[in-house]
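Each position in the sequence shown, counted from 1, maps to that position plus 2 in the numbering used here.
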Amino acid sequence: MRNPSGGPRVLLRRLREIMAEPISAQDRLDRIVVLIAANMVAEVCSVYVLRADGTLELYATEGLNREAVHLTTMRSGEGLVGQIADAAQPLALSDAQTHPAFAYKPETGEEIYHGFLGVPILRAGNTLGVLVVQNRAHRTYSEEEIEAAQTTAMVVAEMIASGELQAIAQEGADIALKKPLYLQGVSLTEGVGLGHVVLHEPRVVVKNLIAENLDEEVERLEAAIRKVRASIDELIERGDVADHGEHREVLETFRMFAHDQGWLRRMREAVMTGLTAEAAVERVQSDNRARMMRQTDPYLRERLHDLDDLANRLLHQLVGQDFVSDGADLPENAIIVARSMGPAALLDYDRGRLRGIVLEEGGPASHVAIVARALGIPAVGRVENATALVEPGDAIIADGVAGEVQIRPRPDVEAAYAEKARLRAKRQEQYRALCDVAPVTRDGIAVDLQLNAGLLADLPHLEETGAHGIGLFRTEIQFMVAQQMPSTSEQQKLYRAVLDAVDGAPVVFRTLDIGGDKILPYMSAIEEENPALGWRAIRIGLDRPGLLRSQVRALLKAGSGRDIAIMLPMVATVEEFTRGREIVAREIAYLRRHGHAMPTDIAIGVMIEVPALLFQIREICALADFISVGSNDLLQFLFAADRENRQVAQRYDPLGVASLRALRLIADTARESDCRVSICGEIAGRPLEAMALLGLGFRTLSMAPSSVGPVKAMLLALDAQEVGAVIREKLDDPETGPTLRSTLAQFAERRRIPV
Ligand code: PEP
Ligand code: MG
Numbered sequence: 003m004r005n006p007s008g009g010p011r012v013l014l015r016r017l018r019e020i021m022a023e024p025i026s027a028q029d030r031l032d033r034i035v036v037l038i039a040a041n042m043v044a045e046v047c048s049v050y051v052l053r054a055d056g057t058l059e060l061y062a063t064e065g066l067n068r069e070a071v072h073l074t075t076m077r078s079g080e081g082l083v084g085q086i087a088d089a090a091q092p093l094a095l096s097d098a099q100t101h102p103a104f105a106y107k108p109e110t111g112e113e114i115y116h117g118f119l120g121v122p123i124l125r126a127g128n129t130l131g132v133l134v135v136q137n138r139a140h141r142t143y144s145e146e147e148i149e150a151a152q153t154t155a156m157v158v159a160e161m162i163a164s165g166e167l168q169a170i171a172q173e174g175a176d177i178a179l180k181k182p183l184y185l186q187g188v189s190l191t192e193g194v195g196l197g198h199v200v201l202h203e204p205r206v207v208v209k210n211l212i213a214e215n216l217d218e219e220v221e222r223l224e225a226a227i228r229k230v231r232a233s234i235d236e237l238i239e240r241g242d243v244a245d246h247g248e249h250r251e252v253l254e255t256f257r258m259f260a261h262d263q264g265w266l267r268r269m270r271e272a273v274m275t276g277l278t279a280e281a282a283v284e285r286v287q288s289d290n291r292a293r294m295m296r297q298t299d300p301y302l303r304e305r306l307h308d309l310d311d312l313a314n315r316l317l318h319q320l321v322g323q324d325f326v327s328d329g330a331d332l333p334e335n336a337i338i339v340a341r342s343m344g345p346a347a348l349l350d351y352d353r354g355r356l357r358g359i360v361l362e363e364g365g366p367a368s369h370v371a372i373v374a375r376a377l378g379i380p381a382v383g384r385v386e387n388a389t390a391l392v393e394p395g396d397a398i399i400a401d402g403v404a405g406e407v408q409i410r411p412r413p414d415v416e417a418a419y420a421e422k423a424r425l426r427a428k429r430q431e432q433y434r435a436l437c438d439v440a441p442v443t444r445d446g447i448a449v450d451l452q453l454n455a456g457l458l459a460d461l462p463h464l465e466e467t468g469a470h471g472i473g474l475f476r477t478e479i480q481f482m483v484a485q486q487m488p489s490t491s492e493q494q495k496l497y498r499a500v501l502d503a504v505d506g507a508p509v510v511f512r513t514l515d516i517g518g519d520k521i522l523p524y525m526s527a528i529e530e531e532n533p534a535l536g537w538r539a540i541r542i543g544l545d546r547p548g549l550l551r552s553q554v555r556a557l558l559k560a561g562s563g564r565d566i567a568i569m570l571p572m573v574a575t576v577e578e579f580t581r582g583r584e585i586v587a588r589e590i591a592y593l594r595r596h597g598h599a600m601p602t603d604i605a606i607g608v609m610i611e612v613p614a615l616l617f618q619i620r621e622i623c624a625l626a627d628f629i630s631v632g633s634n635d636l637l638q639f640l641f642a643a644d645r646e647n648r649q650v651a652q653r654y655d656p657l658g659v660a661s662l663r664a665l666r667l668i669a670d671t672a673r674e675s676d677c678r679v680s681i682c683g684e685i686a687g688r689p690l691e692a693m694a695l696l697g698l699g700f701r702t703l704s705m706a707p708s709s710v711g712p713v714k715a716m717l718l719a720l721d722a723q724e725v726g727a728v729i730r731e732k733l734d735d736p737e738t739g740p741t742l743r744s745t746l747a748q749f750a751e752r753r754r755i756p757v
């Protein structure tokens, strides 16, 4: 094995000097390749930079024909250099010319070289270019040399990232770092936001790459690892996982990785090449990210993500930087980009400056999506690798309507989205104009449009939309966004504030619907194979009545002197409802005994979201003061298709015959029993579905604020009896196909009903 002249540390020291010199970017790069070639005893050293069009351009060379600089290009995947860029992994060959991928570029004069070592120039896992050294002789490059080349590549990556190399890019050949990107995700909140990237967990900017004293750097690394390990142990021991919202399982994985010898060894080795502790962590993290971005197995990807998170913690520990962005100190037009985010963290950001959210995780029913919707912030979820593909300050567009993200958009793309945002604003304006128009169908049927809410931030929408009341107040949201269990008096305060804000309009408070996907960070999670079918909502309320009792008490006290409606979620049997009602009755008796002022009316209702209730619907309608259809859950259970699972989301249609027959049964029975009925699942807010619901006889629809305008515009143009007749006839006809969607869409088109 050959010993590189001067060794990697000398190389880095010299590099630092070159980086500090006041010379042009091209001169600096030219000096760097000369230095590396000399240091590694190689005849050739070249730097290829990835351009926005996906080709690799020769930016500097020592040893190859200099005339080829800025002329020679390789397509992605072409030749050895293209392959290294694609795979984001080093490649060392003793005879490059015999490799099947070797591509001969006559203008470079490289035909005489055999030994070849190429390493990707990586930043945050993204390939920015390739660094190559070549030797005339057949040569085997040592691990140490490969390591040294990677370390050098990191310095070049910083030059590219700082914009220095963009300055010498040829006209029309921008470097890839500034490449426009289009990413597909899913819509979390409708709306289009244009702005600039703010990373929720700011990347640590490692300014100091090159070590002064290696022993000190190793010690700094070891000390930081010890601290990170201790903090993870402490979090696990405290059982307190609220800090960053991680759950125990993730922390256990962190703990495992924090003791992983392979990972620790790679970081130590990186320090030994002459890097500072933080630069070494970043180097290894960047390799890991490159693997993560290419990993297709979801389980392994998830683990690489965990390792990435852990490396972040280590970096923050080393440079003493805050872990998350300062919510109050936000630039104008900020679009937050994060892997995941808790609802409380979102509420910390200055709403006036926030234009959108882009998340790698987070489905439409996630807590953060619920809060984003309440605040009316455009949000896109499930955008793979979003955090790695952006740089802070990049221009970005979050299209929460289509579930798309545009990063560094070209001017024409940006103009198109700006127009889309303008049109949306105009449409919203038109909906606002409908605010005071009574929601009455063309055939004279008055419809009650209500809102789904869960935060005080939702309540101004009542006035803005002209909705008549709150058809579903999800009380668990207060619990989900809190750092600790809200006390009875805190609950009472919120309920009172809600009742004050609505100024006499009706509000239906749903008792805590936790469990399943709604996990409280401060409550120890119980291991369940099937949480959606597990111990949740009313089941917890009946088995451990303490929590339900204190909530009911808070509701009754908050409602003194007013009408109050309490609704029980996830009821599966008549008996569960009567037991829930008894708990309310006991609290009423208790408060009366103690001389508390009582609500003027107390209505107790039940959500219809477990299919078993369809077969007890008459009994339920006879007992309950009102019922409300939670179609999100009802349909997921009816079709055994997880509402959070994208893969099965399209497997059933709410306008399918089975769904509509179930909904008709509920509407008909409630009418016959003279029981008030509403529907508060997402389908109530979609105009075409809402049209069908009105046809089936539903008269109270509760929905997200942004749906009120479109649904009202639809119903003002609708003859509800007419559509009802069409639906009933179709549902009774055994020849009808699986769904009424196209029948209904055609009906709407013929009648010019906006859906
Ligand atoms: C439903 O299930 O339809 C519903 C409204 O409740 P949630 O979405 O809160 O489960
Ligand atoms: Mg539900």
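Built from N, CA and C at the ideal position, the CB exists for glycine as well. Computed from a predicted model, the values in this text were never measured in an experiment.
Could you check what DSSP says for residue i in three-state terms: helix, strand or coil?
i, result
"H198", "strand"
"Q820", "This structure gives no information on residue 820, because the portion of the chain shown stretches from 3 to 757."
"E362", "coil"
"R77", "coil"
"S661", "helix"
"G471", "strand"
"Y50", "strand"
"N647", "coil"
"L742", "coil"
"T129", "strand"
"N532", "coil"
"D88", "helix"
"I372", "helix"
Please go through the same chain and pick out, in chain order, the residues whose beta-carbon is closer than 7 Å to the beta-carbon of residue i, but skip the five residues on each side of it.
i, result
"V392", "V199, V339, I398, I409"
"A672", "C623, I629, V679"
Using a Cβ-Cβ cut-off of 6 Å (strictly less than) and excluding sequence neighbours within five positions of residue i, which residues of its own chain qualify?
i, result
"G561", "P601"
"S709", "G687"
"A507", "G471"
"P92", "V121, I148"
Suppose contacts are defined by Cβ-Cβ distances below 8 Å. Is residue i in contact with residue j by that definition?
i, j, result
"E149", "E280", "no"
"Q553", "T477", "yes"
"Q486", "L496", "no"
"L60", "S78", "no"
"L190", "P300", "no"
"I568", "I590", "no"
"L196", "Y419", "yes"
"L453", "L464", "yes"
"A62", "D176", "no"
"N387", "E362", "yes"
"A1", "F475", "Only positions 3 to 757 of the chain appear in this structure, which leaves residue 1 out of reach."
"L550", "L657", "no"
"A336", "R355", "yes"
Work out the CA separation of residue j and residue i for me, nearest whole Å.
i, j, result
"G174", "L309", "38 Å"
"D644", "V650", "7 Å"
"E219", "A226", "10 Å"
"A404", "E113", "51 Å"
"R293", "L695", "49 Å"
"R541", "L501", "27 Å"
"V321", "N314", "11 Å"
"Y433", "P380", "18 Å"
"R296", "K520", "31 Å"
"T513", "A539", "8 Å"
"M161", "Q748", "59 Å"
Please classify residue i as buried or exposed, where buried requires at least 16 other C-beta atoms within 10 Å of its C-beta.
i, result
"A22", "exposed"
"S26", "exposed"
"Q263", "exposed"
"P413", "exposed"
"K428", "exposed"
"L312", "buried"
"K209", "exposed"
Less than 8 Å between C-beta atoms, sequence neighbours within five positions excluded: which residues of the same chain meet that for residue i?
i, result
"R663", "L733"
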